[in-house]
Amino acid sequence: MNDDETDQKRVEPPTFAAQDVRQGEIILKRHWQRLVFIGGLLAAVLVILLLRFA
178 MNDDETDQKR VEPPTFAAQD VRQGEIILKR HWQRLVFIGG LLAAVLVILL
228 LRFA
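Throughout the sequence shown, residue numbering follows our numbering, covering 178 to 231 in sequence.
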């Protein structure tokens, strides 16, 4: 086989538009959901700070 034949047989992966594959939104409708989300972010920052300065 030559290079032209292998190029024709090669299957290209599908391409997707950036608009179609972007990440979803974080939807926090209830007050407790917001508190848990913000608490998780704060806990992550606290752990990083404790590991950095401990």
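Heads up, the beta-carbon is just placed ideally off N, CA and C, and yes, glycines get one too.
Inter-residue spacing [alpha-carbon to alpha-carbon] between residue i and residue j
i	j	result
ARG187	GLY201	33 angstroms
ALA194	TRP209	35 angstroms
ALA231	PRO191	48 angstroms
ARG229	ALA220	14 angstroms
LEU218	ARG199	22 angstroms
Rounded distance between the beta-carbons of residue j and residue i, thought under 8 angstroms
i	j	result
LEU226	PHE214	In fact, because the Cβ distance is near 19 angstroms, the residues do not count as touching under 8 angstroms.
Contact test: residue i Cβ vs the ligand MN heavy atom, cutoff 7 angstroms
i	result
GLN210	For the structure depicted, the ligand MN is absent and the ligand set is empty, with no information on it obtainable.
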